[in-house]
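Shown next, in structure tokens, is the structure this report addresses.
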Amino acid sequence: MRRAVSFVLTGVLSLALAACGTGNEQVASTGNVPTPAAEPEQQQAIKLGLTQFVEHPALDSISQGILDGLKEAGFEDGKNLSVDLQNAHGDMNNTVTIAQKYAGDQVDMVIAIATPSAQAAAKAITDRPVIFSAVTDPLSAQLVSSLEAPDKNVTGTSDKVSMEQQLELVKSFLPDLKKLGVIYTTSEVNSEVQVKDLEAAAEKAGVEIVKAGISQLNEVQLATQGLVGKADAIFIPIDNTIVSSFEAVLGVAEQHNLPVFASDTDTVKRGAIATYGIDYYQVGVQTGEMAARVLNGKAVAETPVEVSKVAELYINETAAAQFGLEIPEELKKQAKELIQ
0 MRRAVSFVLT
10 GVLSLALAAC
20 GTGNEQVAST
30 GNVPTPAAEP
40 EQQQAIKLGL
50 TQFVEHPALD
60 SISQGILDGL
70 KEAGFEDGKN
80 LSVDLQNAHG
90 DMNNTVTIAQ
100 KYAGDQVDMV
110 IAIATPSAQA
120 AAKAITDRPV
130 IFSAVTDPLS
140 AQLVSSLEAP
150 DKNVTGTSDK
160 VSMEQQLELV
170 KSFLPDLKKL
180 GVIYTTSEVN
190 SEVQVKDLEA
200 AAEKAGVEIV
210 KAGISQLNEV
220 QLATQGLVGK
230 ADAIFIPIDN
240 TIVSSFEAVL
250 GVAEQHNLPV
260 FASDTDTVKR
270 GAIATYGIDY
280 YQVGVQTGEM
290 AARVLNGKAV
300 AETPVEVSKV
310 AELYINETAA
320 AQFGLEIPEE
330 LKKQAKELIQ
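In numbering that gives the first Met the number 0, the protein residues as written are 0 to 339.
Written out as structure tokens, the structure reads:
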């Protein structure tokens, strides 16, 4: 009788251990996340680290879009998802600290908004998925070696726009443009790539690019002042440090009647004249949908980098009037939005 009970207990223990084993599978080095169980209310919430490089309207829109995209796909914060949102406030050292925190917390996935945060996350976390958003050039940032087939645990969305198209837009307002000033952060890879692309486009168009590079936020106003008398207009690339301090640029530009153009729509709404830009909220939604597919079991290596689908024309009529510029009628017809 005792021997029979022993056999029964052994069988029960074996079944219990097997059940525990299926609930504690490790995430594979390919960047996959275990598929949620059939009854999510009985499952521990997936831990998501959401890191943002700096606070400004474009990146804030991405952050909200990511959460909305995940929710639409069935992953909601406070239910089957636990989101740890961290902001580096434009400090490169903070991006590293945040990434290391996520590594120590053993989060199931990291979503990183903007290039510096993405680079820090990719370096600190190599065994779980890292999804980036609004990285202008993932190849130059060394986040992936192929846009079509990421070979590590990293993929995401790019916000790259055409510098040729942006330069043509500036010349539509300023046909006699000879010198275009550009303010950018020298330590941001995505900014350097854009400036090189802009220089290549300018060479074809017979325009000289006057560069004003900065290394930290408090240099933005001084860099802008350095362009006074040296440039006919100012162009702001997709550069998180410059965009977060755009009002410092605009104050100097308005004082010296130096027209300002931008690369993102939110900066146009804040006072730049025009851009062929993308909807950053939709970039966030696109990123959230991609993250959801990975959470549902799709391998990162089978999830190509996605580029924002459409760049549309936004014009700030009030800003154009402030700088004494006429808006060509053809551009008015093309514009998705005329901002006042």
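All C-beta atoms, glycine included, are put in the ideal place defined by N, C-alpha and C.
Three-way DSSP call (helix, strand, coil) for K178 in this model: On the sequence shown, residue 178 is found 179 positions in, with the first residue counted as 1. Of the three classes helix, strand and coil, the one that applies to K178 here is strand, per DSSP.
CB of L47 within 9 Å of CB of V95, strictly: For the purposes of this step, residue 47 is taken as residue 48 along the sequence shown, with counting starting at 1. For the purposes of this step, residue 95 is taken as residue 96 along the sequence shown, with counting starting at 1. Contact flag unset, no.
Work out the CA separation of A123 and Q99 for me, nearest whole Å. Translated into positions along the sequence shown, residue 99 becomes position 100. Translated into positions along the sequence shown, residue 123 becomes position 124. Straight-line Cα distance between these residues: approximately 6 Å.
If you scan the region 207-248 from start to end, which runs of the alpha helix (DSSP H) of 4 or more residues do you find wholly inside it? 219-224 and 239-243
Considering A120, what are the terminal residues of the alpha helix (DSSP H) in which it resides? Working through the sequence shown from its first residue, we reach residue 120 at position 121. T114 to A123 is the span of the alpha helix (DSSP H), which, as asked, contains A120.
Suppose you measure from the CA of V259 to the CA of A298; what does that come to, to the nearest Å? Reading the sequence shown from its first residue, position 260 is the one you call residue 259. Reading the sequence shown from its first residue, position 299 is the one you call residue 298. In a straight line, the C-alpha of V259 is about 43 Å away from that of A298.
CA-to-CA distance, L142 to T154, given in whole angstroms: Here residue 154 refers to the residue found at position 155 of the sequence shown. Here residue 142 refers to the residue found at position 143 of the sequence shown. Taking the straight line from one Cα to the other gives about 8 Å.
Could you spell out where the alpha helix (DSSP H) holding S62 opens and where it closes? For the purposes of this step, residue 62 is taken as residue 63 along the sequence shown, with counting starting at 1. First-last of the alpha helix (DSSP H) with S62: P56 to E71.
Name the one or two DSSP bridge partners that N315 has. By 1-based counting over the sequence shown, the position of residue 315 is 316. The partner list for N315 (beta bridge, DSSP) reads I338.
Got a sec, what are the start and stop residues for the alpha helix (DSSP H) G323 sits in? Indexing the sequence shown from 1 puts residue 323 at position 324. Careful: G323 lies outside any alpha helix (DSSP H) and carries neither H nor E.
Can you list, in chain order, the residues of its chain whose CB lies under 8 Å from that of I314, leaving out five sequence neighbours each side? On the sequence shown, position 315 is the one that residue 314 refers to. V267, I272, A273, I326, L330, K331, A334, E336, L337 and I338, listed in sequence order.
Using a 10 Å radius around the Cβ and a threshold of 16 neighbouring Cβ atoms, would you call T286 buried or exposed? Translated into positions along the sequence shown, residue 286 becomes position 287. That one is buried.
Nearest neighbour of G205, chosen from E167, V284 and G225 [CA to CA]: For the purposes of this step, residue 205 is taken as the residue at position 206 of the sequence shown. Comparing Cα-Cα distances from G205 to each of E167, V284 and G225, the minimum goes to E167.
Could you tell me whether the region 292-312 touches the region 233-251, where touching means 3 or more Cβ pairs closer than 8 Å? no
Taking C-alpha atoms, which residue in A318, S307 and A199 lies nearest to T61? Mapped onto the sequence shown, residue 61 falls at position 62. The amino acid occupying residue 61 in the given sequence is Ile; Thr does not appear at that position. Residue S307 is the option with its Cα nearest to I61.
The beta strand (DSSP E) with Q43 in it runs from where to where? Working through the sequence shown from its first residue, we reach residue 43 at position 44. Q43 -> no beta strand (DSSP E), and no H or E assigned at all.
I believe T230 touches L179 by the beta-carbon criterion, under 8 Å. Please report the beta-carbon distance rounded to the nearest angstrom. Taking the first residue of the sequence shown as 1, we reach residue 230 at position 231. Taking the first residue of the sequence shown as 1, we reach residue 179 at position 180. Checking the sequence shown, residue 230 turns out to be Ala, not Thr. That pair is a contact at about 6 Å.
Contact between the region 67-74 and the region 120-134 is defined here as three or more beta-carbon pairs at a separation below 8 Å; is this criterion met? no
Cβ-based neighbour list, E187, same chain, cut-off 8 Å, excluding 5 preceding and 5 following: On the sequence shown, residue 187 is found 188 positions in, with the first residue counted as 1. Correct list, in chain order: T114, P115, D238, N239 and T240.
Does the distance from the C-beta atom of A310 to that of G276 stay below 9 Å? Position 311 of the sequence shown, counted from the start, is the residue given in the question as residue 310. Position 277 of the sequence shown, counted from the start, is the residue given in the question as residue 276. Against a cut-off of 9 Å, the Cβ pair of G276 and A310 comes out as a contact.
Residues bridged to I130 [DSSP beta-bridge criterion]: Position 131 of the sequence shown, counted from the first residue, corresponds to residue 130. BP columns for I130 point to I110 and T154.
What does A261 pair with, by DSSP beta-bridge criteria? As a first step, residue 261 must be located in the sequence shown, where it is residue number 262. Beta-bridge pairing links A261 to I235.
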